[in-house]
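Here's the structure we're looking at; comments come further down.
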Amino acid sequence: MARPPLILSFDIEISDVDLGYYESVGFRVAQHPSETDRRLIMRVIAWCLHASEGIQMAKGGLSNGEQPALHKEDPSGKMITWIDVGMPEGARLHRASKHADQVVVYSYGRTSPWLSKLRKERIHNAEMIKVFTVPQEALDTLAELLERRNQWSLLRQDDELLVTLTNQNVSFPVTALALVTS
Numbered sequence: 007m008a009r010p011p012l013i014l015s016f017d018i019e020i021s022d023v024d025l026g027y028y029e030s031v032g033f034r035v036a037q038h039p040s041e042t043d044r045r046l047i048m049r050v051i052a053w054c055l056h057a058s059e060g061i062q063m064a065k066g067g068l069s070n071g072e073q074p075a076l077h078k079e080d081p082s083g084k085m086i087t088w089i090d091v092g093m094p095e096g097a098r099l100h101r102a103s104k105h106a107d108q109v110v111v112y113s114y115g116r117t118s119p120w121l122s123k124l125r126k127e128r129i130h131n132a133e134m135i136k137v138f139t140v141p142q143e144a145l146d147t148l149a150e151l152l153e154r155r156n157q158w159s160l161l162r163q164d165d166e167l168l169v170t171l172t173n174q175n176v177s178f179p180v181t182a183l184a185l186v187t188s
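Here the sequence shown stands for residues 7 to 188, where the numbers follow my numbering.
Quick look at the structure:
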């Protein structure tokens with residue numbers, strides 16, 4: 007029998023200088039049994055970077071492959087923002103850009119081969135899809151410090167993140183990547 011999802015809690019002081027957003031938030035995240043700590047950390051960071059927009063975690067997590075990791079809907083249920091984490095397939099991004107006004111991807115690891123493959127595919131409104139990457143090493147460091155109850159301070163300034171937790175600071179860039187090249 008598979009283990010049930012692990013529930014982790016986060017209390018985060020968000021100071022987003024780039025957006026002028028400052029808030030203390032508390033929420034719980036379900037980690038699917040097959041989800042890595044690295045991916046979970048990336049989901050939490052992506053949520054923090056879009057917290058001012060009213061972004062929500064997907065219901066069902068990894069068990070619902072049709073849903074994005076994070077999203078925002080208007081009152082009628084139309085998808086406004088679709089945020090994926092990792093390296094989604096071109097077909098998924100094609101579908102996402104047809105369903106949502108804004109599509110954002112937060113990737114990590116070796117993104118060059120993935121981007122090269124995507125650039126050869128036909129993706130609806132590919133030029134409108136925003137792709138960002140963070141160093142995998144930073145996610146690994148944060149994953150090593152992951153606990154069931156987490157208290158963070160997250161500062162974004164000039165697309166550089168500083169995450170402070172348990173007497174340790176982890177600083178890393180959030181780098182924009184071009185999905186479409188001229």
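Beta carbons: idealized from backbone N, C-alpha and C, even for Gly.
Assuming Glu59 and Thr87 make a contact with CB atoms under 8 angstroms, what is their CB distance in whole Å?
Contact between Glu59 and Thr87 holds, with the beta-carbon distance rounding to 6 angstroms and staying under 8 angstroms.
Tell me which same chain residues have a C-beta within less than 6 angstroms of the C-beta of Leu161, skipping the five on either side of it?
These residues qualify, in order along the chain: Ser21 and Leu168.
Skipping 5 residues on each side, what residues in its chain have a beta carbon closer than 6 angstroms to that of Val109?
Spatial neighbours of Val109 in its own chain (CB-CB distance under 6 angstroms, excluding positions within 5 residues in sequence) are listed in chain order as Trp88, Ala102, Ser103 and Ile135.
Quick one: Cα of Leu185 to Cα of Pro141, how far?
Cα-Cα distance, rounded: 18 angstroms.
So for Ala106, helix, strand or coil by DSSP?
Note: Ala106 maps to coil in three-state DSSP.
Looking at C-alpha atoms only, which residue of Tyr28, Arg116, Pro81 and Pro11 is the closest neighbour of Leu183?
Comparing Cα positions, the closest option is Arg116.
Between Val176 and Ala144, is the Cβ-Cβ spacing less than 8 angstroms?
A contact, by the Cβ cut-off of 8 angstroms.
For Met85, does the three-state DSSP call read helix, strand or coil?
Met85 falls in the strand class under three-state DSSP.
For Asp164, count neighbouring Cβ atoms within 10 angstroms of its own Cβ and tell me buried if that reaches 16, exposed if not.
Label assigned to Asp164: exposed.
Give, in chain order, every unbroken run of the alpha helix (DSSP H) that is at least 4 residues long and sits entirely within the segment 86-151.
Taking 4 residues as the shortest admissible run, the segment 86-151 contains the following complete alpha helix (DSSP H) segments, listed from N- to C-terminal end: 96-105, 117-125 and 142-150.
DSSP three-state call for Ser40: helix, strand or coil?
Collapsing the DSSP output to three states places Ser40 in coil.
Which value, in whole angstroms, describes the spacing of the CA atoms of Glu180 and Ser82?
Reading off the sequence, residue 180 comes out as Val, not Glu. Val180 and Ser82 have their alpha carbons spaced roughly 32 angstroms apart.
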